[in-house]
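> The sequence shown: position 69 = 185 (the numbering used here), numbered continuously. Note that the Cβ used here is the ideal one computed from N, Cα and C, for glycine as well.
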Amino acid sequence: MVGSSFRMRRRSMTDTLTPAQRSALMSRIRGVDTKPELAVRRGLHARGYRYRTHLRGLPGRPDVVFTKRRIAVFVHGCFWHRHGCPKTSDPKSRIEYWQTKFESNVERDRRNQEQLVRDGWRVFVAWECEVEKDETLFARLADFLGPPRLPEPA
Ligand SMILES: [Zn+2]
Numbered sequence: 117m118v119g120s121s122f123r124m125r126r127r128s129m130t131d132t133l134t135p136a137q138r139s140a141l142m143s144r145i146r147g148v149d150t151k152p153e154l155a156v157r158r159g160l161h162a163r164g165y166r167y168r169t170h171l172r173g174l175p176g177r178p179d180v181v182f183t184k185r186r187i188a189v190f191v192h193g194c195f196w197h198r199h200g201c202p203k204t205s206d207p208k209s210r211i212e213y214w215q216t217k218f219e220s221n222v223e224r225d226r227r228n229q230e231q232l233v234r235d236g237w238r239v240f241v242a243w244e245c246e247v248e249k250d251e252t253l254f255a256r257l258a259d260f261l262g263p264p265r266l267p268e269p270a
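Quick look at the structure:
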């Protein structure tokens, strides 16, 4: 009993993650774009949309930003942002650590989105599992965004 709890303690917190979760964490830490983010950007670009990425100065640094439309898109990893779908697994150890971390992630997301809305932005959240499996995602995004080309101001 004692031995196993010692072993547990010595393991680093990332040992409890799947390879996909670990690589998403590393991406976040290094500020590198995640796979679902790139997929959303490629999909939007292929549909004729032009956008900015990771615009500094906006709450939460949205992943894709349409400045003229004032629309911010977040591409959220289901595990880190607690989507509640089957990809939202619970780590089997260091449960309190993760609980606290997840709660602060969700709370930060909420605050950032509320601040954006107060500042006159519209916010769309694309979940990782939707990027992978939901064929309606880009149709819904296009609905939200409007046509790829905005009319020129008169
Ligand atoms: Zn999900």
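Which same chain residues, not among the five before or five after W214, have their C-beta less than 6 angstroms away from its C-beta?
The residue labelled residue 214 in the question sits at position 98 within the sequence shown. Within the same chain, W214 has close Cβ partners P207.
> Look up D250 in the DSSP assignment and say whether it is helix, strand or coil.
In the sequence shown, residue 250 corresponds to position 134, counting from 1. Of the three classes helix, strand and coil, the one that applies to D250 here is coil, per DSSP.
> Please determine, among S205, L257, R185, I211, the residue with the shortest C-alpha to C-alpha distance to T134.
Position 18 of the sequence shown holds residue 134. It is S205.
> Is any heavy atom in ligand 1 found nearer than 6 angstroms to the beta carbon of H199?
For the purposes of this step, residue 199 is identified with residue 83 of the sequence shown, where counting begins at 1. The answer is yes for H199.
> Is it the case that the CB of W243 approaches a heavy atom of ligand 1 more closely than 6 angstroms?
By one-based count along the sequence shown, residue 243 stands at place 127. The answer is yes for W243.
> Enumerate in chain order the residues of its own chain whose CB-to-CB distance from K203 is below 8 angstroms, with the five nearest sequence positions on each side excluded.
On the sequence shown, position 87 is the one that residue 203 refers to. Excluding residues within five positions, the ones whose Cβ falls inside 8 angstroms are C194, F195, E244, C245.
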